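Next up, the structure:
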(Lines of atoms letter the chains of each structure in order from A; the text may use other names.)
(Lines give C-alpha, C1' and ligand atoms only; values in the text may rest on other atoms or scores of the structure.)
Protein backbone atom coordinates (compact mmCIF):
# COMPACT_ATOMS: atom_id res chain seq x y z
CA UNK A 2 0.00 0.00 0.00
CA UNK A 3 1.61 3.28 -1.05
CA UNK A 4 2.31 6.04 1.44
CA UNK A 5 -0.71 8.31 1.64
CA UNK A 6 -3.24 5.51 1.34
CA UNK A 7 -4.59 2.59 3.32
CA UNK A 8 -6.41 -0.53 2.28
CA UNK A 9 -9.96 -1.01 3.48
CA UNK A 10 -12.00 -3.97 2.24
CA UNK A 11 -9.64 -4.44 -0.70
CA UNK A 12 -9.84 -0.80 -1.79
CA UNK A 13 -7.28 1.99 -1.46
CA UNK A 14 -8.54 5.05 0.38
CA UNK A 15 -6.71 8.25 1.20
CA UNK A 16 -5.00 8.48 4.58
CA UNK A 17 -5.38 12.19 5.32
CA UNK A 18 -2.55 12.29 7.88
CA UNK A 19 -0.12 10.77 5.39
CA UNK A 20 -1.49 13.00 2.62
CA UNK A 21 -0.57 16.05 4.71
CA UNK A 22 2.99 14.70 5.02
CA UNK A 23 3.12 14.27 1.24
CA UNK A 24 2.05 17.91 0.85
CA UNK A 25 4.78 18.95 3.27
CA UNK A 26 7.39 16.94 1.34
CA UNK A 27 6.37 18.58 -1.94
CA UNK A 28 6.39 22.02 -0.32
CA UNK A 29 9.90 21.53 1.06
CA UNK A 30 11.10 20.28 -2.33
CA UNK A 31 9.59 23.33 -4.03
CA UNK A 32 11.49 25.52 -1.54
CA UNK A 33 14.72 23.97 -2.82
CA UNK A 34 15.55 21.51 -0.05
CA UNK A 35 17.44 18.43 -1.18
CA UNK A 36 15.88 15.00 -0.83
CA UNK A 37 18.36 14.21 1.95
CA UNK A 38 17.52 17.41 3.81
CA UNK A 39 13.80 16.70 3.57
CA UNK A 40 14.38 13.21 5.02
CA UNK A 41 16.46 14.72 7.82
CA UNK A 42 13.72 17.26 8.56
CA UNK A 43 10.99 14.62 8.80
CA UNK A 44 13.18 12.40 10.97
CA UNK A 45 14.08 15.32 13.25
CA UNK A 46 10.37 16.05 13.71
CA UNK A 47 9.72 12.43 14.65
CA UNK A 48 7.58 11.68 11.61
CA UNK A 49 7.96 8.01 10.76
CA UNK A 50 7.38 6.19 7.49
CA UNK A 51 4.39 3.90 7.04
CA UNK A 52 6.53 1.07 8.43
CA UNK A 53 7.62 3.10 11.46
CA UNK A 54 11.16 3.59 10.16
CA UNK A 55 13.21 6.66 9.43
CA UNK A 56 13.03 8.47 6.11
CA UNK A 57 15.66 8.19 3.38
CA UNK A 58 16.27 10.31 0.30
CA UNK A 59 15.08 7.42 -1.88
CA UNK A 60 11.71 7.32 -0.13
CA UNK A 61 11.36 11.07 -0.48
CA UNK A 62 12.20 10.83 -4.18
CA UNK A 63 9.42 8.29 -4.77
CA UNK A 64 6.86 10.54 -3.09
CA UNK A 65 8.03 13.86 -4.51
CA UNK A 66 8.24 12.61 -8.12
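In my numbering, the protein residues as written are 2 to 66.
We put the CB at the ideal spot given by N, CA and C, even for glycine.
Remember, it's a predicted structure, so these values are computed and weren't measured experimentally.
- Assign residue 60 to buried or exposed, taking buried as 16 or more other Cβ atoms, counted over all protein chains shown, within 10 Å of its Cβ. On the chain shown, residue 60 is found 59 positions in, with the first residue counted as 1. Residue 60 should be labelled buried.
- Continuous beta strand (DSSP E) assignments of at least 3 residues falling wholly in the segment 3-56: 6-9 and 12-15
- Alpha carbon to alpha carbon, how far is residue 50 from residue 15? Give it in angstroms, no decimals. Here residue 15 is taken as the residue at index 14 of the chain shown, counted from 1. Here residue 50 is taken as the residue at index 49 of the chain shown, counted from 1. Their backbone Cα atoms lie some 16 Å apart in a straight line.
- Message: Between which two residues does the alpha helix (DSSP H) holding residue 66 run?
- Response: To locate residue 66, count along the chain shown from 1; it is residue 65. It is not in any alpha helix (DSSP H) - residue 66 carries neither H nor E in the DSSP assignment.
- Pairwise C-alpha distance: residue 36 and residue 29: By 1-based counting over the chain shown, the position of residue 29 is 28. By 1-based counting over the chain shown, the position of residue 36 is 35. Roughly 9 Å between the two C-alpha positions.
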